[in-house]
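Novice: Top to bottom, those sequences are chains Z and A.
If you read the first sequence in my numbering, its first letter stands for residue 1, the second for the next number, and so on.
If you read the second sequence in my numbering, its first letter stands for residue 1, the second for the next number, and so on.
Idealized CB from N, CA, C, for every residue including glycine.
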Amino acid sequence: MRRFAFITFLCLLIPLGLSAKSDKSKAKSALPISREAVLVESSSPTEILIRATGYGTGSDNAEQDKRANSDALKAAVWFLLFGGTDPLLQTPAEKSAFTAIQDNFFKLENLKPFISWEAEYYEARLKIDGGKRLKIEKSFKINKALIQDDLIKKGILTATMDLSGSLGNPTIMVLPESRNDRSPLELLRSDPDLKKGAEVIEAFLTARKFDVIVPEQQQVLQELVSAQTSLKGEEEDYSYLLALSIGSDVYITYNVAIEARKVGSATVKKGVVGCRAYETTTGRLLGTETGYSQERPVADAVLIEEALNDAIDKVLSRVTAYWKSDLQQGVQYKILLTVSNSYDQSAAEDIIYGFADQVRKVARSTKELVVADYTYDVLVWCEPQKYRNSSDVYRFLKENYKGTGRLSRVSISRKLILLNIGE
Amino acid sequence: MQIANNRRRILPRDVFWILMLAMCRLYLPAELSAQPGRYTRKSVAYVDALLVSDENIQVPQVYERLLLDAFHEQLRLSRFDYNQLPEAVQANFKDRLRGRGLLGESELENLIAQSIVPEIMKVLDLEKELRAQQLVSETQRQSFIVQKAKDLGITAEQIEQILKSAFLYIPFLDKYQIKQEKDKKDISVNLQGGVIWYKVIVGDEPRVEKILRITTEGTAATEKDKMYSLDRGNMAGEEAAICLAAQTMAMNLQVRTREINLFKLRTPLADVERRTVRFPLGKAEGIKLDEPFYVGEYLQTNSGKIRFNRSGFVRVSTVADNSQNSRQLSSAYAIKKGDWVKGMTMIEHPRLGVDVALKPRWYNLRVKEGLVLTDDFLVYFNDYEGVAVGTDLDLQWNIAQLTRKRQSFLVVGATGALAPVKSKVYDSAFEVFFDMPTENWVAGVLNGYAGYLRRFYLGPLALHGEALLGVQRLVVSDSWDHESVSIANTSFGARINAGLEYAVNIDVNIGIFAGVNLFPPLDLWTVKYKDKEIDVDNLAGWAAPRISSISPTFGLYLHYSPPKLNFNPAGMIQGSVRDQLFKIK
Chain Z
1 MRRFAFITFL
11 CLLIPLGLSA
21 KSDKSKAKSA
31 LPISREAVLV
41 ESSSPTEILI
51 RATGYGTGSD
61 NAEQDKRANS
71 DALKAAVWFL
81 LFGGTDPLLQ
91 TPAEKSAFTA
101 IQDNFFKLEN
111 LKPFISWEAE
121 YYEARLKIDG
131 GKRLKIEKSF
141 KINKALIQDD
151 LIKKGILTAT
161 MDLSGSLGNP
171 TIMVLPESRN
181 DRSPLELLRS
191 DPDLKKGAEV
201 IEAFLTARKF
211 DVIVPEQQQV
221 LQELVSAQTS
231 LKGEEEDYSY
241 LLALSIGSDV
251 YITYNVAIEA
261 RKVGSATVKK
271 GVVGCRAYET
281 TTGRLLGTET
291 GYSQERPVAD
301 AVLIEEALND
311 AIDKVLSRVT
321 AYWKSDLQQG
331 VQYKILLTVS
341 NSYDQSAAED
351 IIYGFADQVR
361 KVARSTKELV
371 VADYTYDVLV
381 WCEPQKYRNS
391 SDVYRFLKEN
401 YKGTGRLSRV
411 SISRKLILLN
421 IGE
Chain A
1 MQIANNRRRI
11 LPRDVFWILM
21 LAMCRLYLPA
31 ELSAQPGRYT
41 RKSVAYVDAL
51 LVSDENIQVP
61 QVYERLLLDA
71 FHEQLRLSRF
81 DYNQLPEAVQ
91 ANFKDRLRGR
101 GLLGESELEN
111 LIAQSIVPEI
121 MKVLDLEKEL
131 RAQQLVSETQ
141 RQSFIVQKAK
151 DLGITAEQIE
161 QILKSAFLYI
171 PFLDKYQIKQ
181 EKDKKDISVN
191 LQGGVIWYKV
201 IVGDEPRVEK
211 ILRITTEGTA
221 ATEKDKMYSL
231 DRGNMAGEEA
241 AICLAAQTMA
251 MNLQVRTREI
261 NLFKLRTPLA
271 DVERRTVRFP
281 LGKAEGIKLD
291 EPFYVGEYLQ
301 TNSGKIRFNR
311 SGFVRVSTVA
321 DNSQNSRQLS
331 SAYAIKKGDW
341 VKGMTMIEHP
351 RLGVDVALKP
361 RWYNLRVKEG
371 LVLTDDFLVY
381 FNDYEGVAVG
391 TDLDLQWNIA
401 QLTRKRQSFL
411 VVGATGALAP
421 VKSKVYDSAF
431 EVFFDMPTEN
441 WVAGVLNGYA
451 GYLRRFYLGP
461 LALHGEALLG
471 VQRLVVSDSW
481 DHESVSIANT
491 SFGARINAGL
501 EYAVNIDVNI
511 GIFAGVNLFP
521 PLDLWTVKYK
531 DKEIDVDNLA
541 GWAAPRISSI
551 SPTFGLYLHY
561 SPPKLNFNPA
571 GMIQGSVRDQ
581 LFKIK
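1) When the Cα of A/Ala498 is compared with those of A/Thr553, A/Pro563 and A/Gln177, which residue comes out closest?
2) When we look at the beta-carbon of Z/Pro92 and count the other beta-carbons within 10 Å, is it buried (16 or more) or exposed?
3) Can you name the residues of chain A whose CB is closer than 9 Å to the CB of Z/Tyr254?
4) What are the boundary residues of the alpha helix (DSSP H) that A/Trp441 is part of?
5) Compare the C-beta of A/Gln84 against all C-beta atoms of chain Z and say whether one is closer than 8 Å.
6) Flag A/Tyr39 as yes if its beta-carbon sits less than 8 Å from any beta-carbon of chain Z, otherwise no.
7) So, with DSSP's three-state summary, where would you put A/Trp340?
8) Please report the distance separating the alpha-carbon of A/Leu262 from that of A/Leu253.
9) Tell me which residues share the same chain as Z/Leu111 and place their Cβ nearer than 7 Å to its Cβ, disregarding the 5 neighbours each side in the sequence.
10) Establish whether the CB of A/Leu299 and some CB of chain Z are separated by less than 8 Å.
11) Leaving out the 5 sequence neighbours to the left and right, which residues in its chain are closer than 6 Å to A/Ile242 when beta-carbon positions are compared?
12) Do we get a CB-CB distance below 8 Å when we pair Z/Ser408 with the residues of chain A?
13) Where A/Ser303 and A/Thr345 are concerned, what is the direct C-alpha to C-alpha distance, given to the nearest angstrom?
14) Taking beta-carbon pairs under 8 Å, can you tell me which members of the region 63-89 of chain A lie near chain Z?
15) Within 8 Å of any Cβ in chain A, is that where the Cβ of Z/Ala119 sits?
16) What span of residues does the alpha helix (DSSP H) with Z/Ser70 cover, start to end?
17) In chain order, what residues of the same chain have a beta carbon less than 6 Å from the beta carbon of A/Met538, not counting five sequence neighbours either side?
18) According to a CB-to-CB cut-off of less than 9 Å, which residues of the region 333-364 of chain A neighbour chain Z?
19) Can you name, in chain order, every residue of its own chain whose Cβ lies under 7 Å from the Cβ of Z/Ala307, other than the five neighbours on each side?
20) So the candidates are A/Val476, A/Gly448, A/Gly416 and A/Leu410; which of them puts its Cα closest to the Cα of A/Pro437?
21) Could you name the residues that DSSP lists as bridge partners for Z/Ile412?
22) According to DSSP, is Z/Ser183 part of a helix, a strand, or is it coil?
23) Are A/Arg361 and A/Asp392 closer than 8 Å when you measure CB to CB?
24) In terms of residue numbering, what span does the alpha helix (DSSP H) encompassing A/Arg588 cover?
25) How about A/Arg41 and A/Asp81: do their beta carbons lie closer than 8 Å?
26) How would you list, in chain order, the residues of chain A whose beta-carbon sits under 9 Å from the beta-carbon of Z/Arg125?
27) Between the alpha carbons of Z/Gln90 and Z/Glu279, how many angstroms are there, rounded?
28) Does Z/Gln90 have its Cβ less than 8 Å from a Cβ in chain B?
29) Quick check: what's the CA-CA separation for Z/Leu336 versus Z/Lys135?
30) So for Z/Gly155, helix, strand or coil by DSSP?
31) Measuring alpha carbon to alpha carbon, tell me which of A/Met251, A/Arg327, A/Pro520 and A/Tyr169 ends up nearest A/Val208.
32) Can you grab the Cα-Cα spacing for the pair Z/Ile50 / Z/Arg208, in whole Å?
33) Please classify A/Ile534 as buried or exposed, where buried requires at least 16 neighbouring CB atoms within 10 angstroms.
34) Going by CA-CA distance only, name the one from Z/Thr253, Z/Gly287 and Z/Ser96 that's closest to Z/Gly155.
35) Please report the Cβ distance between Z/Ala62 and A/Val314, rounded to the nearest whole angstrom; I am assuming they are in contact, meaning their Cβ atoms lie under 8 Å.
36) Within 10 angstroms of the Cβ of Z/Val370, are there 16 or more other Cβ atoms? Answer buried if so, exposed if not.
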């Protein structure tokens with residue numbers, strides 16, 4: 001009888017012990033319970049305003065409140081890391097690297113430094129599950145740049161500078177979308193809204209440590225080079241001027257529209273902007289976003305800034321994502337080879353094949369775009385450690401091409417290599 | 001004096017309902033229709049016209065003005081932004097109203113929509129951006145737009161909210177009764193009416209929708225031929241009664257309006273420190289010292305409904321001036337405290353600021369035997385030294401705003417008590433000769449008093465102290481020529497009480513008290529016969545009875561904060577005090 005009682009006692013204890021253990025393991029996890037958060041606004045190039053939901057349980061209100069608060073904060077940071085269309089952690093490698101540090105990362109004391117501001121009052125506060133759980137909604141302003149820096153330090157993310165080092169100093173140029181026959185530069189000069197738009201985007205880019213090329217200055221530089229060469233009586237180096245005109249790795253185009261309506265007697269306006277990022281040399285679209293401002297009775301410039309803040313942050317995330325994926329594949333170059341038409345078709349074809357063999361040697365992977373009678377257009381991805389810039393690629397090709405004719409460069413800019421094979 | 005008569009007439013019925021309500025409140029469930037979030041200011045316009053629901057009601061223009069002024073004055077709450085409608089618009093509306101005669105409510109809505117609403121929209125349009133600034137939330141203040149554009153942080157949504165939060169009220173009268181009994185000077189007025197609240201709907205076709213019809217009642221009685229000095233100047237009896245009744249209605253309407261969910265002040269707790277809470281409301285919303293607020297939280301029930309779950313209540317202890325800086329916090333102290341944390345919600349519990357207290361009490365009465373001899377009566381009082389049992393009925397009028405000390409009250413009250421004092425009343429030589437008096441086995445003791453009360457809360461317990469000055473009357477009765485006669489001894493004195501209370505709920509305190517009665521023996525006598533009361537001299541000289549009450553007193557205490565009263569204590573007190581001070585006859 002005593003034995004039976006002992007066994008029964010043990011049977012009762014085992015489930016209790018198991019549940020205690022599982023509770024303990026749950027309590028150990030610092031990850032947020034809630035994954036509900038929305039991006040309110042990119043307040044500045046480094047800060048993001050997020051409204052997050054937090055859940056809290058506990059024996060009393062103070063405990064529930066404390067837990068719900070920290071859960072909301074964690075949910076806000078979680079949103080930056082994983083949520084939305086442009087999270088900080090984008091590649092599977094980054095996500096898996098983060099898994100190793102996530103428990104430590106999500107500890108409250110570690111998250112506090114990233115919070116620039118948190119709301120004094122809840123947006124909503126509701127007891128659910130018959131009062132057992134507290135649900136709150138709260139706004140946080142989080143310094144995304146600090147999180148990014150922290151993750152770079154921990155080796156989870158690759159720094160922009162590191163990317164630059166590998167990919168060759170990436171530069172971005174911001175241009176308005178041109179309508180009709182007017183050039184973007186002319187539009188920038190004549191339309192203050194577009195000028196304001198360019199300034200906002202450039203502010204973001206410089207804050208995120210991208211190299212920015214200002215198109216007006218680029219044009220001035222081109223004119224200066226032309227003037228100097230003509231003063232010396234030398235012929236203009238058109239290939240250099242062409243390279244200058246290409247100028248950047250990525251260019252961002254944008255358009256701006258202001259919609260107005262009447263609310264009572266007030267005219268309220270809404271800024272709508274479209275933002276696109278392209279790879280300059282290939283014309284590849286890297287990202288498109290549309291941004292909206294709130295409807296307000298204010299000057300257009302304010303609305304443009306608000307709407308662009310909404311859009312540009314996401315576009316830049318895409319650009320960064322593109323760089324990262326390129327880094328994994330290698331550095332991308334576009335090689336355009338023209339074969340002199342002094343060769344007959346058959347000879348030109350052999351030349352192209354011979355050249356293509358060398359291209360495959362220099363590149364980790366290739367993608368042929370055009371193979372015509374006298375033209376060969378190909379995208380190549382080379383190892384950044386081996387080929388730090390486009391002239392390294394050219395040098396390899398020049399040294400190793402042993403086929404008919406002589407390989408020479410027409411122009412080499414950042415990622416565009418224009419080559420010619422002639423007699 | 002006339003107003004005091006009025007009080008005697010009204011109080012018993014009121015007190016009954018008040019006590020019934022007070023007891024019922026103990027068991028009322030928590031409010032189910034509360035609105036989550038914070039109170040946002042409302043734009044309010046009004047029509048300066050009095051609608052009557054019955055064509056037999058004919059209100060003279062002077063009285064109509066009195067009614068309207070009383071309503072507008074009481075409904076001018078700090079939590080509202082008022083939109084003054086142009087005179088021309090109001091005149092146009094009144095003309096159209098008169099032209100159409102009595103209107104149904106839907107017809108009235110149409111008429112308002114056609115003539116008043118467009119004007120409200122214009123007025124709102126002028127000030128909407130200014131008002132919209134106040135709607136910029138804490139989060140929005142932190143957003144880009146305020147950083148970069150400072151004061152331009154308003155959105156179309158907020159402008160629309162301003163336009164949509166426009167309300168309109170129209171006063172109405174259901175009952176207008178002036179009574180004067182034959183051969184009597186007293187005139188009594190009974191008014192019933194209120195306001196209809198409308199919400200302005202913004203859209204392609206702006207219109208109004210009725211949200212609530214609030215009805216209340218006001219009564220007053222005055223002497224027709226007497227002049228009264230009131231707020232609005234000196235008035236004859238009838239006009240004074242109308243004015244007092246109108247003020248009563250308006251006072252009740254204010255509480256009823258504050259009770260409307262849309263208009264009720266609500267805010268999250270900014271801080272909880274022991275029994276003190278801080279919250280972002282203040283002078284801008286018109287909160288006052290000692291005003292009660294429920295504290296609780298919103299709870300989602302199993303059926304998905306959201307209800308406000310009360311977990312205690314507080315009274316305002318400091319009022320912040322947040323008209324310039326909205327971040328200034330007021331504070332309140334917890335009377336009944338639950339498990340409170342920052343972020344929980346405070347909801348206003350609108351009350352008049354006048355408490356009704358009922359205090360059954362015991363005290364000692366001493367009568368040393370003696371004679372009262374007047375031209376018509378001979379009264380013999382036996383020796384008595386023993387208990388008098390009675391009940392105080394007090395009105396405690398919160399004057400914390402004046403004294404700047406929380407829980408300070410002006411007390412006005414009366415005691416009715418009985419004591420087994422034996423007396424013999426002789427009203428003729430025959431009765432004296434044959435020794436056949438009217439024998440009384442019991443004497444009534446009436447007290448009237450006014451004074452100051454201060455209460456100190458220690459959680460749900462409270463200590464109070466009060467000092468009162470008053471008059472005491474011991475009354476014996478006789479019947480003469482088939483009419484009742486009362487002969488009374490008057491004494492002037494004071495009372496000092498100290499009590500211990502317990503807050504049963506936000507409206508009711510119960511407790512005990514003890515004090516001292518200080519009413520010395522005075523040889524002052526009055527005789528009341530057929531509504532006439534005259535002072536008489538006691539010709540008995542040294543043989544006069546000595547009636548006094550210099551003794552401890554103790555009793556039970558119950559107070560209730562009513563949401564309405566059918567009479568206006570402020571008007572009554574004001575009227576009587578001025579009457580006594582300036583002797584306006």
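Specialist: Let me spell this out:
1) A/Thr553
2) Counting Cβ neighbours within 10 Å, Z/Pro92 comes out exposed, since fewer than 16 surround it.
3) In chain order: nothing, as chain A lies at least about 18 Å away.
4) Looking at the DSSP string, A/Trp441 is not in any alpha helix (DSSP H), and its letter there is neither H nor E.
5) No, because no Cβ of chain Z sits closer than 8 Å to the Cβ of A/Gln84.
6) Residue contact with chain Z for A/Tyr39: absent (no Cβ-Cβ distance below 8 Å to any residue of chain Z).
7) coil
8) 15 Å
9) Leu73, Lys74 and Val77
10) yes
11) Tyr63, Leu66 and Val189
12) False, the Cβ-Cβ gap to chain A never drops below 8 Å.
13) 22 Å
14) none
15) yes
16) Asn61 to Phe82
17) The identity of residue 538 of chain A in the sequence shown is Asn, whereas the question assumes Met. Excluding residues within five positions, the ones whose Cβ falls inside 6 Å are Val372, Asp523, Trp525 and Ala544.
18) Gly338, Asp339, Trp340, Val341, Lys342, Gly343, Met344 and Thr345
19) Gly271, Val272, Val273, Gly291, Tyr292 and Ser293
20) A/Val476
21) Its beta-bridge partners are Z/Ile417.
22) coil
23) A/Arg361 is a Cβ neighbour of A/Asp392, given a cutoff of 8 Å.
24) With chain A running from 1 to 585 in the structure shown, residue 588 of chain A is simply not present.
25) yes
26) Pro36, Pro268, Glu297, Tyr298, Gly343, Met344 and Thr345
27) 20 Å
28) Protein chains in the displayed structure are Z and A, and chain B is not among them.
29) For Z/Leu336 and Z/Lys135, the distance between alpha carbons rounds to 60 Å.
30) coil
31) A/Tyr169
32) 20 Å
33) exposed
34) Z/Ser96
35) 18 Å between Cβ atoms; not a contact.
36) exposed
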